[in-house]
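*Asks:* Have a look at this one.
2 protein chains.
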Amino acid sequence: MSVRFARRMDGIKGSEIRELLKLTQQPEVISFAGGLPAPELFPVEGMQKAAQAVMEESPRVAMQYSTTEGFVSLREKIVERMKAKNGISATVDDVLVTSGSQQGLDFSGRVFLDEDDIVLLESPSYLGAINAFKACSPKFIEIPTDGNGMIMEELEKVIAANDRVKMIYVIPDFQNPSGRTWTLERRQKFMDIINKYEIPVIEDNPYGELRFDGESMPSLKSMDTKGLVVFLGSFSKILAPGYRIGWVCAAPEILSKYVCMKQSADLQPSTVSQLEINKFMELYSLDEHVEKIKKVYGHRRDVMLETMKAEFPEGVTYTHPQGGLFTWVVLPEYMNARELAIECIENNVAYVPGGSFFPNGGHENTFRVNYSCMPDDKIIEGVKRLAAVIKKHMK
Amino acid sequence: MSVRFARRMDGIKGSEIRELLKLTQQPEVISFAGGLPAPELFPVEGMQKAAQAVMEESPRVAMQYSTTEGFVSLREKIVERMKAKNGISATVDDVLVTSGSQQGLDFSGRVFLDEDDIVLLESPSYLGAINAFKACSPKFIEIPTDGNGMIMEELEKVIAANDRVKMIYVIPDFQNPSGRTWTLERRQKFMDIINKYEIPVIEDNPYGELRFDGESMPSLKSMDTKGLVVFLGSFSKILAPGYRIGWVCAAPEILSKYVCMKQSADLQPSTVSQLEINKFMELYSLDEHVEKIKKVYGHRRDVMLETMKAEFPEGVTYTHPQGGLFTWVVLPEYMNARELAIECIENNVAYVPGGSFFPNGGHENTFRVNYSCMPDDKIIEGVKRLAAVIKKHMK
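Structure below.
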């Protein structure tokens, strides 16, 4: 058999994270590799009641086909939520419900990117986005970042020098993988630049509501006067990922392309999932639930950073996220976190090697650590195991 | 604002069916335009119990992320079902759960088709597949069909003359839109041809279990000795579409590409939907449920065909499907079903103009009619309204 696949499949391989997750599912492994929400915090009783109510009140609506754009009541709630949490003024017509925000990433690539078009992103950036865009065979240019976010002088230099920049992908709040948040000044400067060059921006915001401390920052979309920003939101981290419900908010000219893409990709989001989440938000306060999550995750971040401070040798640095799920560790340059990962798994602790978050390679002395889905004692023990392996390799 | 989209977006427009459905949602319109299952047949009580059981027994599994390939217990049931209903020998590792079989179509295009590659399909073929493939900018070659399915001499001629044929898309059972089913002889001849040329085949089978009369035919996949056939199945028509659960069954070399595509497209199928359908199949007999559907749909087909026989003028023909949801009407060549559709909607009856099912255009004297989601009196009244409009235009 000699089946010929499309060329785009050459660059696509399985996600390293998913493969790692398989390796780390033995109960003895303390895994900081995933990006899972803490299951013990899921609002089980609330979703039970919501599911029951949907199946009693409107089972035949829930089980039938529905519109591509998504259930209107849910989109209304999304619009209200974006207003309250992200300062975004939108209407129901600006919102498309998607299968998680990963689908928004996939559609973004397909809507904007031809082969060899340039996509700009933070260095490092989210692996799932890089993989989604790769299916369109673009060129990636990484824009350097520091503790305050993307470095705007570098961004403008790259845009000015390249006329095939079709799209910029960013995660300004509690970035995956770095845990960093852009300052207000960087956001303003960013909007000045994209308004000048009129380049569409994908603002990925799955963690924005999970701020533990510091001041809330306005979303890029809330500062968007030209309809250039495509905002991606998700219920995965604030409610539960198993429903696969996220959304895209964009100007009509752009959103209509995403809607066409949704039609041909899978017709519509799950009616059942949409109705159940919608009902939950009618019966309960999602805000109250998010407060609970934030308290627990904020505490776990503290435990992790304190343990790192106590255990990691000098020369190893890590970020201090004000929210979200991840911190980012930088080892001395002579170390290779991909090689170390194997030794760590042998010592029953796991992370994601950082090299995967750089589409153009390099930076193999970095790794991403998740703190959201682990009790204190495991965090402490896991960081100790990490530190022990790292120390063995310090020069 | 002058945002530049990807070239692939040029060819993609909203589905005509979805736009039509919007027009026909007024209660006074009798719509034969959709392809909706009958909601009064949904196993509401069973799915209520299943949802409740899932949320009591394993809520935190249901609400969490899961594997890309899908829940193992559900895939086991899919494997059993394909064995029993389609004669397919497969293992769990050959199955990927998708967001409806529409996602299987989208992935098929993306896995196999580069720009200007040739995809072969029946003339006419399913609009949703044509739209999904269009996102990869292929060339379509339509293979003529007759009452026995695709005409194999024509197929072989086209394959022999074109070296960029990358994929063949077919619906051998109760085709959408024609309602036709391939004979055993055609299936055997088809497999001989594709084995000779080693071309991958997408066998779309959403309606296969809905046979009202005549003899069951083996699936192409069951006759596939070289791992060339990709089989697409779905729970949408045999259970309910609102869960968005379908599947792909293919040889490992091919399936691994679909799994990578699933990862980057939306990470995984909905865990909640999968667990609920899986639980339903544990608690109840899906076979019994399908028997009920078949009885009702078979009766509705009879009512529709009898009314067409009584009401349609000579010179108008229609197919006699042995199963599925659709029949296909051919008007005299001087009529235009797209123009007539507007007059029909003014007279409160709707169908889908047939021209949309031919990727290369033409055949505007045809239309598709659905009989699954309408009670007898509406079917009779609707066909009478259709007949009245048609008669007005007969020469």
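As you go down the protein sequences, you meet chains A and B in turn.
What the first sequence shows, in our numbering, is residues 5 to 399, in sequence order.
What the second sequence shows, in our numbering, is residues 5 to 399, in sequence order.
Note that beta-carbon positions come from the ideal geometry of N, C-alpha and C, so glycine has one too.
Give the secondary structure of residue 262 of chain B by DSSP, where H, G and I count as helix, E and B as strand, and everything else as coil.
*Replies:* helix
*Asks:* For residue 150 of chain A, does the three-state DSSP call read helix, strand or coil?
*Replies:* strand
*Asks:* What's the gap between the Cα of residue 322 of chain A and the Cα of residue 37 of chain B?
*Replies:* 59 angstroms
*Asks:* Going along the chain, which unbroken runs of the beta strand (DSSP E) with 3 or more residues stay wholly within the stretch 332-396 of chain A?
*Replies:* 370-374
*Asks:* Taking 8 angstroms as the threshold (beta carbon to beta carbon), is residue 135 of chain A in contact with chain B?
*Replies:* yes
*Asks:* Taking beta-carbon pairs under 7 angstroms, can you tell me which members of the stretch 100-130 of chain A lie near chain E?
*Replies:* No chain E appears in this structure, whose protein chains are A and B.
*Asks:* Which residues of chain B have a Cβ atom closer than 7 angstroms to the Cβ of residue 275 of chain A, listed in chain order?
*Replies:* 246
*Asks:* If you measure from the beta carbon of residue 12 of chain B to each beta carbon in chain A, is any gap under 8 angstroms?
*Replies:* yes
*Asks:* Could you have a look at residue 5 of chain B and say whether DSSP puts it in helix, strand or coil?
*Replies:* With a pLDDT of 49 at residue 5 of chain B, under the threshold of 50, the modelled position of this residue cannot be trusted; read the value that follows with caution. Reduced to three states, the DSSP call for residue 5 of chain B is coil.
*Asks:* Might you give, ordered along the chain, the residues of its own chain that have their beta carbon closer than 8 angstroms to the beta carbon of residue 296 of chain B, omitting 5 neighbours on each side?
*Replies:* 45
*Asks:* Looking only at its own chain, which residues have a Cβ that is under 7 angstroms from the Cβ of residue 127 of chain B, when we skip the five neighbours before and after it?
*Replies:* 146, 147, 148, 149, 362
*Asks:* As a quick exercise: from B:14, B:81, B:72, pick the residue whose alpha carbon is nearest that of residue 26 of chain A.
*Replies:* B:72
*Asks:* Considering just the uninterrupted stretch of the alpha helix (DSSP H) at residue 60 of chain B, what are its terminal residues?
*Replies:* Run containing residue 60 of chain B: 48-61, per the alpha helix (DSSP H) assignment.
*Asks:* Put residue 289 of chain B into one of helix, strand or coil per three-state DSSP.
*Replies:* Three-state result, residue 289 of chain B: coil.
*Asks:* Taking C-alpha atoms, which residue in B:29, B:281, B:35, B:13 lies nearest to residue 385 of chain B?
*Replies:* B:35
*Asks:* Taking Cβ positions, are residue 107 of chain B and residue 269 of chain A nearer each other than 8 angstroms?
*Replies:* yes
*Asks:* Would you mind stating whether residue 220 of chain A and residue 247 of chain A have Cβ atoms separated by less than 8 angstroms?
*Replies:* no
*Asks:* Can you confirm whether residue 48 of chain B, when its beta carbon is compared against all beta carbons of chain A, has any partner nearer than 8 angstroms?
*Replies:* yes
*Asks:* Could you tell me whether the Cβ atoms of residue 216 of chain B and residue 305 of chain B are closer together than 8 angstroms?
*Replies:* yes
*Asks:* Determine the closest residue to residue 181 of chain B out of B:359, B:378, B:398, B:343, with distance taken between C-alpha atoms.
*Replies:* Of B:359, B:378, B:398, B:343, the smallest CA-CA separation from residue 181 of chain B is found for B:359.
*Asks:* Would the stretch 248-260 of chain A count as touching the stretch 221-236 of chain A if we require 3 or more Cβ pairs under 8 angstroms?
*Replies:* yes
*Asks:* Taking only the alpha-carbon atoms, compute the straight-line gap between residue 207 of chain A and residue 258 of chain A and give it to the nearest angstrom.
*Replies:* 14 angstroms
*Asks:* Check each candidate in A:43, A:134, A:279, A:33 and name the one with the smallest Cα separation from residue 69 of chain A.
*Replies:* The option with the nearest alpha carbon to residue 69 of chain A is A:279.
*Asks:* List the whole-angstrom C-beta distance separating residue 111 of chain A from residue 262 of chain A, where the pair is believed to meet the contact cut-off of C-beta under 8 angstroms.
*Replies:* 5 angstroms
*Asks:* May I ask you to verify whether the stretch 190-207 of chain A touches the stretch 325-341 of chain A, counting CB pairs closer than 8 angstroms and requiring at least 3?
*Replies:* no
*Asks:* With H, G and I counted as helix, E and B as strand and the rest as coil, what does DSSP make of residue 320 of chain A?
*Replies:* Here residue 320 of chain A sits in coil by DSSP.
*Asks:* Are the CB atoms of residue 115 of chain B and residue 9 of chain A nearer to each other than 8 angstroms?
*Replies:* Remark: C-beta atoms of residue 115 of chain B and residue 9 of chain A approach each other more closely than 8 angstroms.
*Asks:* Could you give the C-beta distance for residue 101 of chain A and residue 353 of chain A, rounded to a whole number, given that I count them as a contact under 8 angstroms?
*Replies:* Not confirmed; about 38 angstroms, so no contact.
*Asks:* Quick check on DSSP: helix, strand or coil for residue 308 of chain B?
*Replies:* helix
*Asks:* Quick one: what does DSSP say residue 79 of chain A is sitting in, helix, strand or coil?
*Replies:* helix
*Asks:* Leaving out five residues before and five after residue 393 of chain B in sequence, what residues of the same chain have Cβ atoms less than 8 angstroms from its Cβ?
*Replies:* Excluding sequence neighbours, residue 393 of chain B sits near 344, 347, 348, 351, 353.
*Asks:* So who's on the other strand from residue 172 of chain B, going by DSSP bridges?
*Replies:* B:124, B:205
*Asks:* Return no unless some Cβ of chain A is closer than 8 angstroms to the Cβ of residue 147 of chain B.
*Replies:* no
*Asks:* List, in order along the chain, the chain A residues whose C-beta lies closer than 7 angstroms to that of residue 16 of chain B?
*Replies:* 264, 268
*Asks:* For a contact defined as C-beta to C-beta under 9 angstroms, what are the partners of residue 94 of chain B on chain A?
*Replies:* The premise fails here: residue 94 of chain B is roughly 16 angstroms from chain A at the closest Cβ pair, so nothing lies under 9 angstroms.
*Asks:* Please decide whether residue 361 of chain B counts as near chain A, where near means a Cβ-Cβ distance under 8 angstroms.
*Replies:* So, not an interface residue.
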